Amino acid sequence: LADLGIADLRAHVAEELARTRQRSAVLTEAVDDGDLIKQHSPLMSPLVWDLAHIGSQEELWLVRDVGGAPAIRPDIDDLYDAFQHSRADRPQLPLLGPVEAREYVATVRSKVFDLLDRAPLEGRRLVEHAFAFGMIVQHEQQHDETMLATHQLRDGPPALTADPPPSDVDAGLPPEVFVPGGPFTMGTSAEPWALDNERPAHRVHVEDFYLDTTPVTNGAYLAFIDAGGYDDPRWWSDGGWAYRQRTGMRAPRFWWHDGERWLRRRFGHVEPVPPGEPVVHVSFHEAEAYAAWAGKRLPTEAEWEKAARFDPATGRSRRYPWGDDEPGPEHANLSQRHLRPAPAGAYPGGVAPCGARQLIGDVWEWTATDFAPYPGFSAFPYREYSEVFFGPDYKVLRGGSFGTDAAACRGTFRNWDYPIRRQIFAGFRCARTPRREERD
Ligand code: AVJ
Ligand code: FE
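Heads up, the sequence shown is in the UniProt record's numbering, so the first residue is 7 and it goes up one at a time.
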């Protein structure tokens, strides 16, 4: 991005805005108006709220802030302010209906395209303005992933379609890879669209560790279930066990037991749980319990990023596991190109220097780390993007899922959520510290 000329930069931003809006259109046109205004789960907003919220943030950050233009709909700011109303309360608000919401986002977008033609994109303004456009693209893509999770929670016949992901897997992969100890550069000061919480680049020392080559599969997770993992408090933290007891859960969300078989519902289809696919729709607590049962632990966020980015041949951190090229279909399962994770061992083109696979795409990966600022953090452009979430309540997730767009996913990208959350497209992989006899 930094290498693009100004004309190319404008064209790139325009293309990304249009491509992203196309995805929002697919997600909001695949169901009828009743499904758009309905609340499919108290965990989620009605789809029509996400749609108008996308427009509202675009009006605030681009039309008003960058463009200095008067407000289009000052009367609805409060309705679409995520901090004013919880998701559970949003259906009761006097929201824009589907027709009004579509008109509103289209009006905002046409003003944004006018602005893109005349907003200064050179010198210092490049940083402020190009970033503001990039942030809006990422914001819409993040809500598109949230809307995809709402689709997964929706009852009824399938509404979305996509080709299956690549099914070729490398059978001979070692179960774990070794990452030698030493410092590496974590975070970034160079990625033009990196959000405030990914900044600045800083050196971090990481001890020797082993990391699972791929995310934990359904088949491996079933062994934990079959071994009574959900009934054994030894594997769970106090908070995790209390949550397990309170909810009575016995398997990942969307699974149920039918005689001998485990079935699951996925975007309106019912299917036997595929054993080779990364497990998805598990909470941090379940991931942590599985890891303890397996004699391992979850990776720290720094371990995860070192495995994903550090290149021992050059000593530098890459943008992605495969190098610095933008993600393509050969690298990773991203961008809702497919509606499920690919089997563990797919995507040889996305392998990291340490040998780990599928660090980017397929499933978000829970880490052991609380969401906290990096040394030298400064909130930008708003405290409300990251800073208000820092602290022990949220765990960091890394790597993106099949529903994460490439524009909102990088080796440095940080997601966060409550450790009880299961509706997001989250799985995990395990790590471990070398045993005494493995050290020299
Ligand atoms: C980064 C995914 C946790 O959805 O709550 C959307 C992104 N921030 N609108 C979220 C976000 C404001 C955020 N996550
Ligand atoms: Fe938002």
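For each residue, glycine too, the CB sits at the ideal point set by N, CA and C.
As the structure is a computational prediction, the values presented were derived from the model and not from experiment.
{"Asked": "Reference R29; option with closest CA among R93, Q342, L127, T113", "Found": "Q342"}
{"Asked": "DSSP three-state assignment for D56, whether helix, strand or coil", "Found": "helix"}
{"Asked": "Below 7 Å from a heavy atom of ligand 2 - residues by beta-carbon", "Found": "H59, Q63, A88, H145, Q148, H149"}
{"Asked": "Sequence-distant residues of its chain with Cβ nearer than 7 Å to D368 (five each side left out)", "Found": "P221, P284, N339, P347, A348, S407, F408"}
{"Asked": "Residue of V72, P76, R322, Q364 minimising C-alpha distance to P189", "Found": "R322"}
{"Asked": "Meets three-Cβ-pair contact criterion under 8 Å: the region 368–382 and the region 240–255", "Found": "no"}
{"Asked": "Separation of D214 from P48, as counted between CA atoms", "Found": "43 Å"}
{"Asked": "From G397, H275, S289, residue whose alpha carbon lies closest to that of Y236", "Found": "S289"}
{"Asked": "Beta-carbon proximity list for S195, same chain, < 7 Å, skipping 5 on both sides", "Found": "R205, P206, A207"}
{"Asked": "Close beta carbons around V175, own chain, < 6 Å, minus the five adjacent residues each side", "Found": "P349, G351, A352"}
{"Asked": "Proximity to I231 [Cα-Cα], best of P186, E292, T219", "Found": "E292"}
{"Asked": "Whole-Å CB distance - L121 paired with V69, under 8 Å assumed", "Found": "7 Å"}
{"Asked": "Of the listed residues F316, R16, E146, D87, nearest to F119 (C-alpha basis)", "Found": "R16"}
{"Asked": "Straight-line Cα distance separating E65 from F137", "Found": "15 Å"}
{"Asked": "F377 versus V402, E390, P354, residue with shortest Cα-Cα distance", "Found": "V402"}
{"Asked": "Limits of the unbroken alpha helix (DSSP H) element including P281", "Found": "Counting along the chain, P281 falls outside any alpha helix (DSSP H), and DSSP gives it neither H nor E."}
{"Asked": "Buried versus exposed, by CB contacts within 10 Å (16 or more), E266", "Found": "exposed"}
{"Asked": "Alpha helix (DSSP H) runs contained entirely in the region 297–322, provided each spans 4 or more residues", "Found": "307–315"}
{"Asked": "Whole-number beta carbon distance between L179 and residue 447, since they are thought to touch under 8 Å", "Found": "Residue 447 is absent from the model: the chain starts at 7 and stops at 446."}
{"Asked": "Outcome for V105 when other beta-carbon atoms lying within 10 angstroms are tallied against a minimum of 16", "Found": "exposed"}
{"Asked": "Residue nearest to F419 in terms of C-alpha spacing, selected from M192, I82, P354, G254", "Found": "M192"}
{"Asked": "C-alpha distance - R108 paired with L57, whole-angstrom precision", "Found": "8 Å"}
{"Asked": "Status (buried if at least 16 other CB within 10 Å, exposed otherwise) for residue 448", "Found": "No answer is possible for residue 448: the residues shown for the chain start at 7 and end at 446."}
{"Asked": "Test item: CB-CB of H59 and A36 under 8 Å", "Found": "no"}
{"Asked": "Coil, strand or helix - L269 by DSSP", "Found": "strand"}
{"Asked": "Any non-hydrogen atom of ligand 1 within 7 Å of Y391 CB", "Found": "yes"}
{"Asked": "Contained alpha helix (DSSP H) runs [length at least 4] in the region 9–77, N- to C-terminal order", "Found": "12–35, 39–43, 53–64"}
{"Asked": "N339 Cβ short of 7 Å to ligand 1 heavy atom set", "Found": "no"}
{"Asked": "Cβ pair W328, A233 closer than 8 Å", "Found": "no"}
{"Asked": "Separation of I430 from Y424, as counted between CA atoms", "Found": "11 Å"}
{"Asked": "For F260 and I78, the rounded distance between their alpha carbons", "Found": "41 Å"}
{"Asked": "Continuous alpha helix (DSSP H) stretch holding Y236: start and end", "Found": "Counting along the chain, Y236 falls outside any alpha helix (DSSP H), and DSSP gives it neither H nor E."}
{"Asked": "Bridge partners - K401, DSSP secondary structure assignment", "Found": "D376, D423"}
{"Asked": "Closest residue to A257 among A358, V210, R416, A226 (Cα-Cα distance)", "Found": "A226"}
{"Asked": "Nonlocal neighbours in the same chain, by C-beta distance under 8 Å from P379, ignoring five residues either side", "Found": "N203, S392, E393, F396"}
{"Asked": "For P354, the three-state DSSP class (helix, strand or coil)", "Found": "helix"}
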